[in-house]
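Throughout the sequence shown, residue numbering follows our numbering, covering 24 to 175 in sequence.
Even for Gly, the Cβ is constructed at its ideal location relative to N, Cα and C.
See below for the structure under consideration.
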Amino acid sequence: MPKAMPKPRSRTKRADLQRWLELRRPSRIGEMEWAMLHVDLAPISGSHLRRLLRESGVPLAPLVEGVRQESFEALESSLLSFLQEYERADAAGQLSIRQVVIEAKEHARWAARVPEKRAEKEEMALWMLTWLENPPLFPQWVQLRREAQRKK
């Protein structure tokens, strides 16, 4: 009985992204490039594409980069960048920005199910909830929150 031919190795999304970046050489990935990548690399989830783009080292627009949660410093920086975008955006843009923050908040709540990460992720979810409730107030709130945490 003849052996079956081995399946050709499938291309990875990472390799596809690398080829896309080499071909187009964007100086920054904004919303237009994000939309193009979703089409050109389909099917790909937003979270997977965002992770690959972060790893690529190409500068990303805040809405593309998403809300960083690897540290409180990264979270604060992300939310402050989102505030700048939010203040410049029209109603549809503000809604898009809010949706990204809501998804990140839900991710933090999901990650809080892990006992070792519970306190950190619950605090991060609180930061995002505060941002969602009143974005312009967030910079003052986070400063007060950090001062209160340092005093503990």
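Next item on the list: With hydrogens ignored, establish whether the beta-carbon of D113 is closer than 7 Å to any heavy atom of the ligand GDP.
Entry: This structure simply doesn't include the ligand GDP, nor any ligand for that matter.
Margin query: Taking the straight line between their C-alpha atoms, what separation do you get for Q122 and R132?
Written below: The sequence position of residue 122 within the sequence shown is 99, counting from 1. The sequence position of residue 132 within the sequence shown is 109, counting from 1. When rounded, the separation of the alpha-carbon atoms in Q122 and R132 is 15 Å.
Check: So, are the CB atoms of K175 and A148 less than 8 Å apart?
Finding: The count along the sequence shown starts at 1 and reaches residue 175 at position 152. The count along the sequence shown starts at 1 and reaches residue 148 at position 125. In this structure, A148 does not lie closer than 8 Å to K175 by Cβ.
Checklist line | Expected contact under 8 Å - CB spacing of V90 and S101 to nearest Å | finding: Within the sequence shown, residue 90 is the residue found at index 67, counting from 1. Within the sequence shown, residue 101 is the residue found at index 78, counting from 1. Their Cβ separation, rounded to whole angstroms, is 5 Å, which keeps V90 and S101 in contact under 8 Å.
Checklist line | Close beta carbons around A38, own chain, < 8 Å, minus the five adjacent residues each side | finding: Indexing the sequence shown from 1 puts residue 38 at position 15. Answer for A38: no residue qualifies.
Item checked: alpha helix (DSSP H) segment containing Q122, residue limits -> On the sequence shown, residue 122 is found 99 positions in, with the first residue counted as 1. That run of the alpha helix (DSSP H) goes 114-134.
Check: Should R48 and A84 be called a contact, given that it needs their Cβ atoms to be closer than 8 Å?
Finding: In the sequence shown, residue 48 corresponds to position 25, counting from 1. In the sequence shown, residue 84 corresponds to position 61, counting from 1. One thing to note: R48 has its Cβ no nearer than 8 Å to the Cβ of A84.
Next item on the list: Specify the secondary structure class of L64 as computed by DSSP and reduced to three states.
Entry: Numbered from its first residue, the sequence shown carries residue 64 at position 41. L64: coil per DSSP, three-state reduction.
Check: What is the residue span of the alpha helix (DSSP H) that V90 lies within?
Finding: Locating residue 90 in the sequence shown gives position 67, where the first residue counts as 1. Careful: V90 lies outside any alpha helix (DSSP H) and carries neither H nor E.
Check: Among V165, Q41, A58, which one has its Cα closest to the Cα of L106?
Finding: Position 83 of the sequence shown, counted from the first residue, corresponds to residue 106. Here the closest residue by C-alpha is V165.
Checklist line | Run of the alpha helix (DSSP H) containing T153, from where it starts to where it stops | finding: The count along the sequence shown starts at 1 and reaches residue 153 at position 130. For T153, the enclosing alpha helix (DSSP H) starts and ends at 141-156.
Check: Using the rule of at least 16 other Cβ atoms within 10 Å of the residue's Cβ for burial, across every protein chain shown, is P159 buried or exposed?
Finding: Here residue 159 is taken as the residue at index 136 of the sequence shown, counted from 1. Exposed, since its Cβ has fewer than 16 Cβ neighbours within 10 Å.
Item checked: Selection from E143, L155, W154, M151 that minimises the alpha carbon distance to Q172 -> Your numbering for residue 172 matches position 149 in the sequence shown. Of E143, L155, W154, M151, the residue nearest in Cα terms is E143.
Checklist line | Close beta carbons around L64, own chain, < 8 Å, minus the five adjacent residues each side | finding: Residue 64 sits at position 41 when you count from the first residue of the sequence shown. Here L64 has K36, D39, L40, W43, L72 as same chain residues with Cβ atoms under 8 Å from its own Cβ, once five neighbours each way along the sequence are excluded.
Next item on the list: Tell me, to the nearest whole angstrom, how far the beta carbon of S119 is from that of L76; I am working on the premise that it is less than 8 Å.
Entry: Taking the sequence shown and counting its residues from 1, one reaches residue 119 at position 96. Taking the sequence shown and counting its residues from 1, one reaches residue 76 at position 53. So it is not a contact: roughly 17 Å between Cβ atoms.
Margin query: At the level of alpha carbons, what is the spacing between F95 and P138?
Written below: Counted from its first residue, the sequence shown places residue 95 at position 72. Counted from its first residue, the sequence shown places residue 138 at position 115. Answer to the nearest angstrom: the Cα atoms are 18 Å apart.
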